[in-house]
Every structure is written in structure tokens, then in C-alpha cells.
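Student: Starting off with a structure, shown below.
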Amino acid sequence: MTEEINELIKNEYEAGFVTDVESETLPPGLNEDVIRFISSKKNEPEWLLEWRLKAFHVWKEMDEPTWAHVQYPEINFQDVSYYSAPKSMDDRPKSLDEVDPELLKTYEKLGIPLHEQAALAGVAVDVVFDSVSVVTTFREKLKEAGVIFMPISEAVHEHPDLVKKYLGSVVPQKDNYYAALNCAVFSDGSFVYIPKGVRCPMELSTYFRINEQSTGQFERTLIIAEEGSHVSYLEGCTAPMRDENQLHAAVVELVALDNAEIKYSTVQNWYPGDAEGKGGIYNFVTKRGVCHTNAKISWTQVETGSAVTWKYPSCILKGDNSVGEFYSVALTNNFQQADTGTKMIHLGKNTKSTIITKGISAGKSQNAYRGLVRMNPGAEGARNYTQCDSLLIGDKCGAHTFPYIESKHPSAVIEHEATTSKVSDDQLFLCQQRGIDVEKAVSMIVNGFCKEVFKELPMEFAVEAGKLLEVSLEGSVG
Amino acid sequence: MTEASTQTLDYASQALSLAQSVEGPEWLSGLRKDGQQSFEGHAWPTRKTEHWKYTNLSALNKQNYAQLVANDSVALTDSEAQQLYLIADLDAVQLVFVNGHFSETLSSEIDLDSVEVVRFSQADEDQRSVISDNLGQITLNEEHIFSALNAGQLDDGVLIRFLKNKKTETAIQVVHLTTAQSQSFSVNARLLVVSEAGSQGVVVESFVSDDASQTAIVNSITECRIDDNSKLFHYRLQLEQEDAIHIGGMHVQLNAGSQLESFHVGLGGKVKRVDVVVNHEGSGAHCDLKGVYLPKNSQHIDYHTCIEHKVPHCTTSEVFRGIIANQAKAVFNGRIHIHPDAQKTLAELNNRNLLLSNKAEINTKPELEIYADDVRCAHGATIAQLDDNAMNYMLSRGIGRQEAEVMMSFGFINELLNGLAHHPIQEKLRPILADLFGKDDSLTRHLL
Amino acid sequence: MLSIKNLQAKVEEKDIIKGLNLNIKPGEVHAIMGPNGAGKSTLGNVLSGREGYEVTGGSVEFLGKDLLDFEPEERAREGLFLAFQYPVEIPGVSNLEFLKASVDAVREHRGQDPLDSVSFLKLAREKCKAVNLDQNFLKRGVNEGFSGGEKKRNEIMQMMLLEPSLCILDETDSGLDIDALQVVADGVNSQRSVDRSFIVVTHYQRLLDYIVPDYVHVLANGRIVKSGGKELALELEEKGYSWIDEEVV
């Protein structure tokens, strides 16, 4: 049976094409001049340049973390190019008509039409291509509701007070090695501001694409939900198939003020490398949100891409009664390695968190859940429930669970459970006996295994995620 | 104050120089040298050392240590000492060490034909070869800094050898009694258990102390080789009081079809850390591991367990529970590691904790590391307060809140005690634990 | 319908079926009885093509085709249905989606159009009712958390949906109380027809009070050692199995 499974999991990566656009790309290397170049390219105010330089000095003093259950050759940070932008972006296009048609075609090929009339109804998209934001749709419509949705490079100019107040407020510069690097060299990303009491009228979405060779992507996303507001945000990512490894080190900061709610969903499909483990994205991402009183942040992620994933979307439950959620499906195949999970830091009273993770390992991959649940001395009546399930397909892969559980309050309740299972021969036989072939059976079983998480995704993404899983599993079954 | 005690000396260098001055049997000197060398190669654990993340060893650094204190500075009478460790109604013989010295008067004459019990220093040729063949093979110096140190300071130890195809009903009890001294001192304890094929035996390790104010640091390493189809019952009772410092480990090799039933109880101390490592080396082996930890006041206790499933068709059932009171801190790290060949493994770990106060702290980390697909593994960990519904029910039956709390806390631990194969050990532990939950007899009268 | 000639099969290198012959015509109900370990369940597993059950000799013809040539799912699509003794749980996969996938596959094989969701749901609900299963069972995971009786009724419901030509009921009576047994038997009886055959594998005669067979065979040591009418079952009930051995010897 295992052989058949392996046959079925052979990977085909559909987003692996390269777009031929003329780009302005910095030569590889990192020093103060590079940072000054990026800053001046974006006409940044002095304070931001200073902020970047400070981060750079912090970064130089730090060591790369080695505690994750992943192995990869040492990265030479001087071999990476820290800025690349399509030439056509020199003067930012005023409207879609001015956007390079090659770029528009790229996104159509990826299933993300950018013309507003053709776009997914009710989803506004910000598109980041290598280091710059290409276009943001539905800006006018959102403006009517008072919602700000624009590239962060523009927000620096148009809403400097907001950016200055919140940038680095959730993930400080010295937080970790990759976050510090991002602070120094971040190029673009999305900025979202939802005013008090506003329910964002449409889903917001950012689509990230790495195109240029030897280029790292360092985007930065900042979402601020004012008191009583509500927003749902989606993020997708792809990259061409290349033999070299490419670096992606993003930072996402969420601020949910009193009674606000942010739902953040990710379908991560960076190029995972080929069946021999060659190439693929190194995905080192810091995502964190802070919840004020009665606020709620919900992270949902479907991770099928990247050669190496190092990612722990987290919640700081600062205000009383605040809620944090983390729903994750992480699928690894071939030689992929994932070390992913979450941190729930309970500071306020009656704070609640839920963690549901589904790890699926196939091929020769390694898939680890790493999570921290911490109840601080003020977390009276706080609750956490964690369920981590692993599914193994084949006998060459690994599935691991490393939960850190810390409590300093007697009335806090924490429940953690983890199980591991395989796609059993009995299950496959039952399906076969009812006329369902092995491939369909495995896909049904895997989808069933992930159901709890998929139901948290917005509709359009849930469909995409299910399909993605099927594609990623192709050739893995037996 | 003497000049020496005003300095803060680091423990690592003291321990090494103590090791270099150890006088023990010549035939063990190779092991000692290896241990010293390995110890020198280890970095001293800090908060950044993953396995020592939650346990701070700085308390060790504040003392000046002597190797051993003289035996005559023991203020206990023999019967007072026996009171501390004897287990009523248990068929047992004792080997007793007081402050690291073997006590002829407290120890039993052992004359059993199914088991050999001997101190390393008294071992005959045959026994020496058993010791040389096994010591340091089950715990690896390079993986455990305190195993390396223990080997480096090796002056004596105990061999228990359950003979092939023989069943020993009599429990072999190895006792380490430490007494309060004016000076800090270290005790190096080593136990080797060899259960030969088809044998069955019972080992009880008791660690006790005379008084709350302890000055000893005990480093106690136990290795067990459990051969094909043999069975070992093992109890490690760490009942030393308040200020004790204890670092120790129990390392087991389970061969084909063998069984281990191991129970651990740990009262807290200034610093207590015990590593329990079980290696499944032969198919069909079963490990049943249970433990309770009960720190109070400002104590600290840390159990690190690691179950290595290296071969197919083995099973593990592991349950640890803790109650943490006052400002105490507990650490539990339970790792289950399934190697690529260990198909058809069944392994389960359950860890439950109760915090009794606002200042108490628990850090627990159940870990699964799995490299084989046809296995069933699960772990669960909970941290909770006492169940509200049960509390209300008790209150509605007229039981006072405080008493209900004691009953429920005790019940939480008692569930594990009830499963022990040797009833006299249950009976010995119950009053000690009851005493821990409430000094007031009226609160614990139902528990005994 | 089914013609088994000198069938031999082994499991984990052990010979279990040792030259079994059996002929079943359309519409017939055959009961196979025998002591524990006789190979009763093995027969069902071998016929449905379960992995690990190796056919070492003989032939099986099913509706004019060589059954042993087919993969398990192909056998199912050809109209062979096995009601499991221990139906497995598939967490997270809902009964409904599981059933739809199964019915679609069988219908496609027969050259029928797939049912649209609405008519399928209607049909599934109907069948649920027929075996006295609450409709909520359709939403729950396949057999997940079902009681023993519910699992068996779920099996019979699947049989009704798939409309097979040959049904093998593997110890369907095990773990059922009288009421549940009645429901299951009613379900089976409602499916009896001139072109559908049954093999009822059981250790006890009691199931045969409810599902009355045309023939009874005694399976012992991998072979059919005695065949007869339904009265043979009563004889077995009365005398146990030991006399069979003696008689055969």
C-alpha cells in the first residue's frame, strides 16, 4: 500500500513559472548603503531610515536561531539581493491601465484577476511583486467606509502618525534574528486601518510573489483594528521554481484594540523545492498580534509550500476577556521541513485561546509543531485548549510535537492533547470495498483530517486550500 | 564566617577537583577518568540549554563543598534513622548509606540465592566484569553532564544482579540518608541493576533526610539492564526534606519481551532534577512509568523523562501527576521518541497538574518525535484547578471547603498510588502525602 | 452468480482456505457456519480482495468474470458487497460524503449519471430511515463514535444504497441485541430479490431465524465439510460443532 501512496504523492507545483519583466535589482549584499538605497528609493522620512539602521545594528549582534527542528546549509546573507522591482514601477501606476500587462497576466495565470470587474466579488487585493506593491484594488470603495488599505510604503507618507505609532509595537526590532533583518530591509507590504466601529465591507487580501532570481522578499504587514471594528484578511504566496534556495523573511503585526476582531488567513504555497529537495523558499516569518480588552485575533494557515518553514503566528492576550485562535494545516512532502506553531501569551483575566493543528507528513519530509501556551500571574480564569494531530503517509517521514506549557495562575486551565495516526490500510480497504480508488480515498481521508481547520477559512480560500492539498499530495500514497 | 564561604565558587570546577581527589578501587579508575574528561567537555547548563530551560542551577554555586563528612557526625539513633526509610510489612532487605558512607549496622545481611547484591568495592572477579561491562553503557556520559560527573567521582556503588530465570520476591532497598551538617558536602551514588533473562525482582531506591535544613548535594545515577523476558519492579522514593539538592537519573535498557514497572515520587527540594530515560532495545518490551511530584514552599522539582523506542512492537504507558503549592515550581518534560524502525509501537503519555496557589508555577512539555508511520502515539497534558462540580457536590453533602480540597487533591495522587503492585509502599507513602496536604488531622482523617 | 472452485488462500504465510468449492445462483441465500478459526471471515476478505490475503490456488468466477483479476474497488463496483464484522472509523470524513463518493463510483461503473446532491441526500435519508438510523448519522464521521449496533446498521444502509449483486455479511450478528438484530435482518430481507444473492457468515444459528437461508454450509479447517438445507443450522445449534469433525473423519 505504501508504494501506491508514494506513487500518488509526486509533487507538481503549478505556480512555478517565471515572469519575464524588466526589473531593477540591487546586486547581492547587505550594508548600510543598501539600507539607505532602499529607504531613498521609497522617499522615506529620516526617522524611518534611522529606525532601519538601528535594526541593522541590532541584527548584526544577533545569532541565527538553531533550536528549530530543521536543517539547512548556512545562509550567506551577503548572497541575497535585498531589493528588486519591475522597472515599470518606477513611476507608480495611477490605475490598473498603467500596470505592466505582463504583471497582470502573471496574476491571471495564478487565478487572481486584478481588474475590478473580473475580480473575486467582495475581495480587495494588494499585490506585492518581489519588493514592491504593484496594485491595490477597490481602494476607492474601501475609502468610502473609512478603511485604509494601501502599500505600507505609501502609508508611510500618507498616514505617518499611524505608522510611526504602531510599526514595531508588536514585533520589536530585537525580537528575533529574522525580524531584525526585516526591520532593516523591508521593502513593501500591506497597511490596513479599520476605523472605530467599522465592519470592513469586503475581504482584504494580499498576494505575494517572488519572481526575480537571488532575491529575498522582506515584506511587512501592519493591520490596525480600532475599537469595535472587524476585518478579515487573506494572504497568499507563490514563487517560481528555481534550483537555488530563496529567502523570505516577513513580519506581520496585528493590533486589535478593545472589542475589535481580526481574522487573518494564509494559504502559503511558496515553491517547496523539487522531489530531490533542490531549491525552494526558506520561509522565516514572524507574525504576532496583540489583543486589547474583549478583542479577538484568529490565525488560520494552510502551509503547503516552502523548503523550510519557521513560523509561529502568535497572540498576546493583553486585555481581559480577549480571545486568540490558531488553526493550522501544515503539509510537508518530499524533502520539505516545517517547524511551525503558535504562541499564546495570556496576560489578562478570562482570556481564552484555542489551538487546533493538523500536520501531514509525506515523502521524506519533517513536520514539527512547536507551540507555547503561557499563563502569566494575572491570567485569572484563563483557558487554553490545544489539539495537535499528526498524520503520517509512508515510513520515511517524521512528525513531531513540541508544546511548551507554562502556568503561573492556579485558576488558569490548560488542556493539551496530541495524537498521531497514519492513513491506515483498514481505512483504505473500506473505501476500496465501497468502490473508491486509493487516490480519492487518501484525498478524502486527508481532507477529513483537516476539516476542523478548513472550516475556519473564508469560502474562496477553503476551496483553494482543499485543491492545493490534493496537488501537494499527488504521488504520495500507498 | 570563614574566608572561603564568603566567596561564590562555581560548582563545576569544585566538582571536578573533588573528582580528581577521589580515592576508589583501581579497577574503576578508567571509568573515573573517562567521566572527568567528558564532564570537562560539557558546557555548564544555563537557561539557554534546552533541557535545563526551566531549572536554574545557580543554587549549587553558592556553596563550598567537601567530598564527604565523617560518619560520626550523625545525630540520629539507628531506630530514628530506620523510622525514615523502613517500609512496614514489605518483604525487603536494605543497603544503607549515611551521607554517602556505607552503614554496616543499618544494612541487612543479604543471603538470597536468586540475587547478588554487592558494593563495587567488595565485588568478586565475576561481578567486577559484570560491572565493567555495563556501567556507563546505559547512560551515556556525553549526553548527560551529571552522569559524566557521577562517573568522574565514582568511588563506590551497588550492583544488584537478579539471576537468570529466578524470581526474587524480597525487595532490595538501597537507602541514601543524608543528615544536616555544618558544611556543604556532596554524595555520589551509583546503582547498577542487571536483571538477567527470565528473572523477576523488586528494587526500591529511598532517599531520605533527617531535617529540613540540608547541606548535601546528592548526585545519584541508576542504570538498569533488563534482559529478555525478565521483569523489574522499580520504586524511586525521593522523600528528602526542604533544602535538599538532588540531581539524579535512572537509565534503563529494555531487551526483548522484558517489562519495567517504575514508580517515582518526588517531594520538592532546593533543587531537584531527575532524568528517567528508558531505551526499548528489544521487541515486545513494555514500560509502565508512573510518577508524582509534590513541591511546596519555595521548592523546585524537575522530572525529565525520555522514552526511546528503537525497535518494533514495544509499548509504553506513562503517567505523571503533580501538585504544586505555595511559591513552588515544577517542571515536567516527557519525551517519546519513535525511531524509524520502531513500527507497531504503542506509546501514551499523560501529565496532569494542579496549582494550589497564585505564586505556584508549572512548566510542562510533552514531546513526540516520530519517524515511523505505523504507530499509535498520543500525549496529553492538563493544568487545572479542582473540579467545580465535584467541589459543589461535596459541599452539598456538608463537607467543608478546605477538607474537600484536601480530599480531592489527595485523590488526584491516590489514583496513582492505588495502582502500585506493592501495597506496603502505598501504605508508607499515604501518610507522608496526606501530611503534605494538611497538617490538621481533621482534614486528612479520611485519607489514611 | 458465483462459482468458487478449489479455492486456496493464506494469510501471513498460514494456509487458511484449503480447497473450498461453492456455487451460488442468483437469488439464493447461503449461510456459512463453522467453529472459530475455520476461515469464515477469511473467505469474505479473500473474495473482496483485501490486501494480505493471498490466493494460492483455485478460481472464483463472479457474474461470468474472473473475480481474482480485479482490484478491491473494482470488485465492489462489479457488485460485490462485504458488510464488515468490525466497520472501521474514519474520523473527519462525513458519512454523507463517503456514501456519495461510493455511490458515484459504482454508478459511473454502471454507466449511470451521478446523482445530484439533492436527490442523493433524499435517497440517503430514505435508507437511513429504513434501518432506523437518525439522519444526524449522515453528518457524523464515518462510523465515528457509533455504537456496535449503529455501525452494523450503517453497513446495511450502505448495502441498500449500492444495490450490489452479491452481499457477504461477515458475522453481522456479533454484538447485536435482539432489537438491533431484528432491524438488521429486516433490512437484509427487504433487499432479497431474484437477482441478488447473499452469503451470510455466522457462528450462531440465531441470525438464521431472521434471515432464512436456502442452503447452509459448514466450514471447518478451510473447507466446506457439510452442506444442507436450513435444518442443518438447527442441528448445529443443538449439537455444537464437534460432531462435524468426527463425522468428517
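Residue numbers (our numbering), protein chains in the order written: chain A, 3 to 480; chain B, 3 to 450; chain C, -2 to 246.
Every residue gets a Cβ at the ideal spot worked out from N, C-alpha and C, and that includes glycine.
Among all the DSSP beta bridges, which residues are the ones paired with B:Asp290?
Tutor: Looking at the DSSP assignment, B:Asp290 forms a beta bridge with B:Glu263 and B:Ser319.
Student: Consider the Cβ of C:Arg74: report whether some Cβ of chain D lies at a distance smaller than 8 Å.
Tutor: Absent from the structure is chain D; the protein chains it does hold are A, B and C.
Student: Got a sec: is the Cβ-Cβ distance from C:Val90 to anything in chain A below 8 Å?
Tutor: Cβ-Cβ to chain A under 8 Å: yes for C:Val90.
Student: Rounding to the nearest angstrom, what Cα-Cα distance links C:Glu152 and C:Asn218 in this structure?
Tutor: Cα to Cα, the separation comes out at about 28 Å.
Student: Quick one: Cα of B:Gly382 to Cα of B:Val254, how far?
Tutor: Those two C-alpha atoms are separated by around 24 Å.
Student: Which word fits B:Glu5, buried or exposed, when buried means at least 16 other C-beta atoms lie within 10 angstroms of its C-beta?
Tutor: Low confidence applies here, because B:Glu5 scores a pLDDT of 40, under 50, leaving its location unreliable; read the following figure in that light. Exposed.
Student: DSSP three-state label for B:Ala362, please.
Tutor: DSSP places B:Ala362 in coil when its eight states are reduced to three.
Student: Select from A:Arg436, A:Val448 and A:Thr388 the residue whose C-alpha is nearest the C-alpha of C:Arg104.
Tutor: Of A:Arg436, A:Val448 and A:Thr388, the residue nearest in Cα terms is A:Arg436.
Student: If I measure Cβ to Cβ from A:Tyr387 and keep anything under 6 Å in the same chain, skipping five residues before and after, which residues do I get?
Tutor: The residues are Thr356 and Glu417.
Student: Using beta-carbon positions only, say whether A:Thr353 and A:Ser324 come within less than 8 Å of one another.
Tutor: Yes, these two residues count as a Cβ contact at 8 Å.
Student: Whole angstroms is fine: what's the gap from B:His315's alpha carbon to B:Ile340's?
Tutor: Their Cα atoms are separated by approximately 11 Å.
Student: Is it the case that the Cβ atoms of B:Leu351 and B:Glu371 are separated by a distance below 8 Å?
Tutor: Their beta carbons are not under 8 Å apart, which means B:Leu351 does not touch B:Glu371 by this criterion.
Student: List the residues of chain A whose Cβ lies closer than 7 Å to the Cβ of C:Ala102, in chain order.
Tutor: Near C:Ala102 (Cβ distances below 7 Å), the residues of chain A are Gly437 and Ile438.
Student: Please determine, among B:Val273, B:Ala191 and B:Asp135, the residue with the shortest C-alpha to C-alpha distance to B:Ser60.
Tutor: Of B:Val273, B:Ala191 and B:Asp135, the residue nearest in Cα terms is B:Val273.
Student: Which bits of chain A does B:Gln84 rub up against, with CB to CB less than 8 Å?
Tutor: Neighbours of B:Gln84 on chain A: none; closest Cβ ~38 Å, over 8 Å.
Student: So which of C:Arg72, C:Lys124 and C:Leu(-1) has the shortest CA-CA distance to C:Arg107?
Tutor: Comparing Cα-Cα distances from C:Arg107 to each of C:Arg72, C:Lys124 and C:Leu(-1), the minimum goes to C:Arg72.
Student: If you count every other CB in all the chains shown that lies within 10 Å of the CB of C:Asn33, and 16 or more means buried, which is it?
Tutor: Under this definition C:Asn33 is an exposed residue.
Student: If you follow the alpha helix (DSSP H) that B:Lys50 is in, where does it begin and where does it stop?
Tutor: Looking at the DSSP string, B:Lys50 is not in any alpha helix (DSSP H), and its letter there is neither H nor E.
Student: Would A:Ile447 count as contacting chain C if we go by Cβ distances under 8 Å?
Tutor: Yes - at least one Cβ of chain C is within 8 Å of the one on A:Ile447.
Student: Identify the contact partners of B:Ala380 in chain A, using a Cβ-Cβ distance below 8 Å as the criterion.
Tutor: In chain order: Glu419, Ala420, Thr421 and Thr422.
Student: Can you say whether A:His411 is buried or exposed, counting buried as having 16 or more other CB atoms within 10 angstroms of its CB?
Tutor: A:His411 should be labelled buried.
Student: Give the secondary structure of C:Leu79 by DSSP, where H, G and I count as helix, E and B as strand, and everything else as coil.
Tutor: Strand at C:Leu79.
Student: Please list, in chain order, the chain A residues whose beta carbon lies closer than 9 Å to that of B:Ser359.
Tutor: Those within 9 Å of B:Ser359 in chain A are Pro412.
Student: Expressed to the nearest angstrom, what Euclidean distance is found between the alpha-carbon atoms of C:Glu168 and C:Leu178?
Tutor: Rounded to the nearest angstrom, the two C-alpha atoms are 11 Å apart.
Student: Tell me the rounded alpha-carbon separation between C:Leu44 and A:Ser474.
Tutor: Distance between the alpha carbons of C:Leu44 and A:Ser474: 34 Å.
Student: State the beta-bridge partners of B:Phe334 as determined by DSSP.
Tutor: Answer is B:Tyr305 and B:Thr366, bridged to B:Phe334.
Student: Tell me which same chain residues have a C-beta within less than 7 Å of the C-beta of B:Leu419, skipping the five on either side of it?
Tutor: Cβ neighbours of B:Leu419 beyond the five flanking positions: Gln428, Leu431 and Arg432.
Student: Output needed for A:Ala186: all residues of its chain with C-beta closer than 7 Å, excluding positions within five of it in sequence on either side, in chain order.
Tutor: Same-chain partners within the cutoff: Ile37, Arg54, Ala57, Phe58 and Trp61.
Student: Please state whether the Cβ-Cβ distance between B:Val294 and B:Ile434 is less than 8 Å.
Tutor: No, Cβ-Cβ distance for B:Val294 and B:Ile434 is not below 8 Å.
Student: Is the beta carbon of C:Lys2 sitting closer than 8 Å to the one on C:Ser38?
Tutor: No, the Cβ-Cβ distance between C:Lys2 and C:Ser38 is not below 8 Å.
Student: Under a CB-based cut-off of 8 Å, is C:Ile87 close to chain A?
Tutor: Yes, C:Ile87 lies at the interface with chain A (some Cβ there is under 8 Å from its Cβ).
Student: Please state the DSSP three-state secondary structure of B:Leu419.
Tutor: Here B:Leu419 sits in helix by DSSP.
Student: In three-state terms, what does DSSP make of A:Leu224?
Tutor: In the structure shown, A:Leu224 sits in a strand (DSSP, three-state: E or B).
Student: Please work out which residues of its chain come closer than 7 Å, Cβ to Cβ, to B:Ala125, disregarding the five sequence neighbours upstream and downstream, and give them in chain order.
Tutor: Around B:Ala125: Ile133 and Leu161.
Student: If I measure Cβ to Cβ from A:Val172 and keep anything under 8 Å in the same chain, skipping five residues before and after, which residues do I get?
Tutor: Closer than 8 Å at the Cβ level, and outside the excluded window around A:Val172, lie Glu255, Leu256, Val257, Arg290, Gly291, Val292 and Ile318.
Student: Going by DSSP, name the residue or residues bridged to C:Ile87.
Tutor: For C:Ile87, which the question treats as bridged, DSSP gives the partners C:Val139.
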